[in-house]
Every structure is written in C-alpha cells, then in structure tokens.
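A.B. asks: Here it is, the structure in full.
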Amino acid sequence: MDSEQLPHLETFARAAELGSFTAAAQALGLTQAAVSQRIHALEQVLGVPLFHRQGGRILLTEAGQRLHPYAQRILALHQQARAEVTGRKAPVTGELTLAASSIPGEHLLPALLSEFQARYPHIQVKATVTDSLAVLSQVEHGQVHLGLVGRKDDSPHLEYRPFACDQMVLVVPADHPWGRRKRVSLEELGRQPLIIREPGSGSRWCLEQSLAQAGKSLRELKIVLELGSNEAIKEAVRRGLGVAILSTLVVQEELKAGRLHAVQVADLPLKRQMFLVRDRRRVLSIPARLFVELVAARPLQ
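The sequence shown begins at 833 in the working numbering and counts up one residue at a time.
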C-alpha cells in the first residue's frame, strides 16, 4: 500500500554511508544476512532496487540516492521527537573516517579536528596521514569518508573543494652560498643538488606542474635524493646534502630560527591549493556532512 511505512531506514542509511552491508551489520550489531534481508524488505515496499551490488561493495542506485536524504531527515525527526518528549537531547554520534596527505594532515587537520571535536564530542574520528595518491585511492574505494590533499587526479568520481592555500619555497642551509639571496633563476637551481619527495606526494606533483608551466621537467634538474618524509628532507638539507622545495608550513620554525633560508625561484610558480575531496557516488554520513560544513564555513586561507 502507498500508505505503508518505510521499514529499516536506519539500516538503509548505514549501509549507504558505509558502502558495505558487512560494515553496516557491524555498526548495528546485526548479521550481514539480517542487513540484506532488511534492505530487501525496504526494496520490496518501494518496488525499486536501492543498491548496485559490485563484488562485496555497494553503491546507491538513482532511487537510493533520492531516498537517502529523506531517510536522514526522518531519523533526525525521530531523535528530535524523543528529545522534546523526554527533555533529553541526544548528542550527535557516529564515526568519521579521514585520510590526509602530509601537509594538510600534519599542519591543517589538527586545528580542524580540534574545532570539530569541540562541537561534536561524541563523534569518533579516525584519521590517517599518507601520500596524496593513497588518500585519493582510499576515498574512491570507500575506505574513508573524506580526504584532504594538495593535488587532484583525473578520476571522474572525485569532487574537490578548496579549503586552504599553500606556498612552497626553495630552502637551503643557513651557511649555503645562497644564504643571503632572496631570488635565484631556474637555470641556477638546475645546477644545485636537489632533494625531492617520492612519487605520489602532493608536493612533488606541485613541483612537476610548476616546472611544466615553465617549460621544464624534473629530468632537467640535478636530483640527488628522493625521500618520503618532509622531516627527513629538512634534516638532509640542514646537513648539506642538497636543497629542497618545501611548503612554508613545513619549514616555518626552521626559517624563524635561522636554521634554513628561503629563496624564491624566478619564473617558477609554487603556490597551490589544498582540497577536501569526496566521492560523489557515495552519500555522506551525518558526521561527514558536519565536517564538510565546518570546513566550508572557514575562510579560504
């Protein structure tokens, strides 16, 4: 009947947000078979499939995408009604999973999480820091709700929202011959031993993009080391193993203390944006939506 209530909306919402019947079962304390049966019952009432099943992972159909915001609103109304009747307001709960590349993860995410946890102390946050390509892969495969990165890729499924700006600079040891210079040419840089990040990092991608705009490539530079850590690169520069192009966020303490010196490279644009990234094929859980809203409300820095 058209007037029949829609059953198991909480199960539907959890499965949609987690992208897995197994994960939804664990979150709800059910068996996977019970979750499948509940989704089937809801689909029977509506007369349309709500999920595409793809090798253990699930994605919402068009009908499922239309239903999800209604399910969230109905579940929220249930909580509001309970709070009004009992006088006890239920806190926002749930889990938020994030992945971030090194610069946003180490220098921007802590402040965001501090503000988020102050607003929503009952939401459990799990965050990992890795390289940009790994972050984008985790977002696209539904392993995390959101990512924070300093680069884009060409996946048609990913949606990017700028949330911060980052300036990169050439850094040299304090006793380097360039220790008092403010600017060098790209040709001069090409003669210096250069230390760079590993493939897959946002910093390396930014450098490659900047070089391409200047009609150059990494092959034309004198690369002596590839390291997978900004801290390791800073220490290598301090020990005189080479120069490096790093985010000002990474080296601000060393520059202030005079342990490193920053030099601009002529004709090499090194400003980039930081992005909050999501997979547009997947719906956002309430914790993920609240995090997006918090980031969106902050001025672009």
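All residues carry an ideal CB built from backbone N, CA and C; glycine is no exception.
Keep in mind it's a predicted model, so treat the numbers as computed, not measured.
1. If you draw a straight line from the alpha carbon of S946 to that of L928, how long is it in whole angstroms?
2. Take K1054 and list the residues in its own chain whose beta-carbon comes closer than 7 Å to its own, dropping the five residues that flank it on each side.
3. Per the DSSP calculation, I906 is bridged to which residue(s)?
4. In terms of residue numbering, what span does the alpha helix (DSSP H) encompassing T1080 cover?
5. Check the C-beta distance from E1030 over to G1060 and give it rounded, since I have them as a contact under 8 Å.
6. Check whether the stretch 1113-1121 and the stretch 968-983 are in contact - that is, three or more C-beta pairs closer than 8 Å.
7. Relative to the alpha-carbon of L1043, which residue among H840, G1034, L1018 has its alpha-carbon at the smallest distance?
8. Please report the residue range of the beta strand (DSSP E) in which A1098 lies.
9. Does the beta-carbon distance from S964 to R983 come in below 8 Å?
10. Can you list, in chain order, the residues of its chain with a C-beta nearer than 8 Å to that of R914? Leave out the 5 residues immediately preceding and following it.
11. Mind listing, in chain order, the continuous alpha helix (DSSP H) runs of no fewer than 4 residues lying wholly within the stretch 923-976?
12. Within this structure, are the beta carbons of L1100 and A1064 separated by less than 8 Å?
13. Closer than 7 Å by C-beta to T843: which residues in its own chain qualify, once you throw out the five before and the five after it? Chain order, please.
14. For the ligand ZN, any of its heavy atoms closer than 7 Å to the Cβ of E875?
15. Using 8 Å as the threshold, is the C-beta distance between V971 and D1111 below it?
16. I need the boundaries of the alpha helix (DSSP H) containing L1039, first residue and last residue.
17. Just to confirm my understanding: we take E1040, look at its own chain, exclude 5 residues before and 5 after, and list those with CB closer than 8 Å. What are they?
18. Assuming A873 and H840 form a contact by the criterion Cβ under 8 Å, report the distance between their Cβ atoms to the nearest whole angstrom.
19. I believe M1000 touches L1102 by the beta-carbon criterion, under 8 Å. Please report the beta-carbon distance rounded to the nearest angstrom.
20. Using the rule of at least 16 other Cβ atoms within 10 Å of the residue's Cβ for burial, across every protein chain shown, is L882 buried or exposed?
C.D. replies: Put simply:
1. Here residue 946 refers to the residue found at position 114 of the sequence shown. Here residue 928 refers to the residue found at position 96 of the sequence shown. If you draw a straight line from the Cα of S946 to the Cα of L928, it comes to about 14 Å.
2. Taking the first residue of the sequence shown as position 1, residue 1054 is located at position 222. Cβ within range, chain order: G1022, R1023, Q1024, P1025, L1026.
3. Sequence index remark: in the sequence shown, residue 906 carries index 74 (1-based). Note: I906 sits in no beta bridge, so no partner.
4. Locating residue 1080 in the sequence shown gives position 248, where the first residue counts as 1. Here the alpha helix (DSSP H) through T1080 covers 1080-1089.
5. If you number the sequence shown from 1, residue 1030 lands on position 198. If you number the sequence shown from 1, residue 1060 lands on position 228. Indeed, because the Cβ distance is near 5 Å, the residues count as touching under 8 Å.
6. yes
7. Counting from one through the sequence shown, the residue named residue 1043 turns up at place 211. Residue L1018 is the option with its Cα nearest to L1043.
8. The residue labelled residue 1098 in the question sits at position 266 within the sequence shown. Per DSSP, A1098 belongs to no beta strand (DSSP E) and is neither H nor E.
9. Position 132 of the sequence shown holds residue 964. Position 151 of the sequence shown holds residue 983. Against a cut-off of 8 Å, the Cβ pair of R983 and S964 comes out as a contact.
10. Sequence index remark: in the sequence shown, residue 914 carries index 82 (1-based). Excluding the 5 residues flanking it on each side, R914 has same chain C-beta neighbours closer than 8 Å at R920, A922, in chain order.
11. Here the runs fully enclosed are 941-951, 964-972.
12. Residue mapping note: residue 1100 aligns to position 268 of the sequence shown, counting from 1. Residue mapping note: residue 1064 aligns to position 232 of the sequence shown, counting from 1. Cβ atoms of L1100 and A1064: not closer than 8 Å.
13. For the purposes of this step, residue 843 is taken as residue 11 along the sequence shown, with counting starting at 1. The answer, listed in chain order, is A856, L860, V867, R870, I871.
14. The model depicted lacks the ligand ZN and carries no ligand whatsoever.
15. Sequence index remark: in the sequence shown, residue 971 carries index 139 (1-based). Sequence index remark: in the sequence shown, residue 1111 carries index 279 (1-based). Cβ distance < 8 Å, so V971 and D1111 count as in contact.
16. Looking up residue 1039 in the sequence shown gives position 207. Run containing L1039: 1034-1045, per the alpha helix (DSSP H) assignment.
17. Here residue 1040 refers to the residue found at position 208 of the sequence shown. Taken in chain order, the residues that qualify are S1049, L1050.
18. Here residue 873 corresponds to residue number 41 of the sequence shown, with the count starting at 1. Here residue 840 corresponds to residue number 8 of the sequence shown, with the count starting at 1. About 6 Å separates the two Cβ atoms, so the contact holds.
19. In the sequence shown, residue 1000 corresponds to position 168, counting from 1. In the sequence shown, residue 1102 corresponds to position 270, counting from 1. Going by Cβ atoms, the distance from M1000 to L1102 rounds to 4 Å, so yes, they are a contact pair.
20. Mapped onto the sequence shown, residue 882 falls at position 50. The residue is buried, with at least 16 neighbouring Cβ atoms inside 10 Å.
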